[in-house]
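Quick notes on the structure that follows.
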Amino acid sequence: MKFIKYLLIVIYASVFYSCGDPAVEIEEVKYEPKITVEGYLYPGETVNNIKLLRNFPLETTIDSLNLFLTPSFNSLSASINGVQLKYNEAGRYYYNENMLIENDKLYKLEVSAEIDGIYLYTESETTTPKSGFQVIEKELGDVKYLTERAVISFVPAPGTGFYAFSVRAENATLDNFIFDNPFIPNLKREDIEEEFDNYLYQLNLIININSENGGVTDYEIRELDTWFYTNYKVIVYGGDKNFKNYLLTVNRVQQPDGNFIEPAFNFKGDGIGIFGSAVKDTVSFNLVPRQ
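FYI, the numbering for the sequence shown is 25 to 315, going by our numbering.
Next comes the structure, spelled out in structure tokens:
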């Protein structure tokens, strides 16, 4: 899933934390090998781009050659609803081009693998959202900076109240960056170079929409989401409970009271990460200077 910047370090770290003393030392935490999953199912698409990786102990160098779990090196077996997944060596992901995902259906992922000489197994279930999600207008045309906003109008899927909006600037460069923005004054080109991706991608969430009345929901793309004069792609995701719980907790490893918590992974056995599902669609607009 491209809008989620791979949060592997967060995923790796979270397995080592537990509720208790907020002054816990890293040296006190015992490393446990885990199957790390990054998998999303979308109704109307085939199973694709399921990433299966391993974790590493903190304060060690990650071995990129052994990061991805493979059938040959890790004796890995992965299936969804009993249908075996295939491995793409070039892309290092799992897929099955013959398995088309349907709305409102339960899917169970099962994975077994050997890591550090230990046999591991994990499973997770997701129920895809019901049909009915609809974006009203996909091409919004020109939007004038600061005087207009792109408004995404959509009909939520019944029973799906959580929505994520992935905002990405297409063809973004330092030359079309909005230096005269009202939010961060006196920016220099070198400042943008260091934090380029933070300006390029934005992710916003609506946590609880009333999805049962069949009405239209409007969502505005605000100025803090648009830092370039260029075309924008906004992918709208309506996610299941796994999708929701993961996005809401994956960056929250420490509570205000100092206790450490694990993100909501929704896995049984030896797994961490995300196996979820969502309906999705894409909206485009072009941000232009105000007159």
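C-beta atoms are modelled at their ideal positions from N, C-alpha and C, and glycine is treated no differently.
query: What number of angstroms, rounded off, separates the C-alpha of Tyr-117 from the C-alpha of Tyr-261?; result: 22 Å
query: Using a Cβ distance threshold of 8 Å, determine whether the segment 246-256 contacts the segment 181-195, with at least three qualifying pairs required.; result: yes
query: Rounding to the nearest angstrom, what Cα-Cα distance links Phe-309 and Ala-174 in this structure?; result: 7 Å
query: Along the alpha helix (DSSP H) that carries Asp-215, what are the first and last residues, could you check?; result: 213-218
query: From the DSSP output, in three-state form, read off Thr-306 for me.; result: strand
query: Using only the alpha-carbon positions, how far apart do Phe-291 and Leu-109 sit?; result: 18 Å
query: Do Asn-105 and Thr-70 count as a contact pair if the criterion is CB distance below 8 Å?; result: no
query: Run through the DSSP bridge pairs and tell me what Glu-163 is partnered with.; result: Ser-308
query: Which term fits Asp-199, buried or exposed, when burial requires 16 or more other beta carbons within 10 angstroms of its beta carbon?; result: exposed
query: Around the Cβ of Ala-114, are there at least 16 other Cβ atoms within 10 angstroms (buried) or fewer (exposed)?; result: exposed
query: Among all the DSSP beta bridges, which residues are the ones paired with Ala-174?; result: Ile-245
query: Taking the alpha carbon of Leu-77 as the point to measure from, which residue in Val-179, Leu-65, Tyr-111, Ile-176 has its own alpha carbon closest?; result: Tyr-111
query: Near Glu-163, which residues of its chain fall below 6 Å by C-beta distance, leaving aside the five closest residues on each side in sequence?; result: Ser-308
query: The beta strand (DSSP E) spanning Asn-122 covers which residue range?; result: 117-124
query: Go ahead and label Pro-206 buried or exposed: buried means 16 or more other beta carbons lie within 10 angstroms of its beta carbon, across all protein chains shown.; result: exposed
query: Indicate whether Glu-134 and Glu-126 have their beta-carbon atoms separated by less than 8 Å.; result: no
query: Under three-state DSSP, which class holds Ser-301?; result: strand
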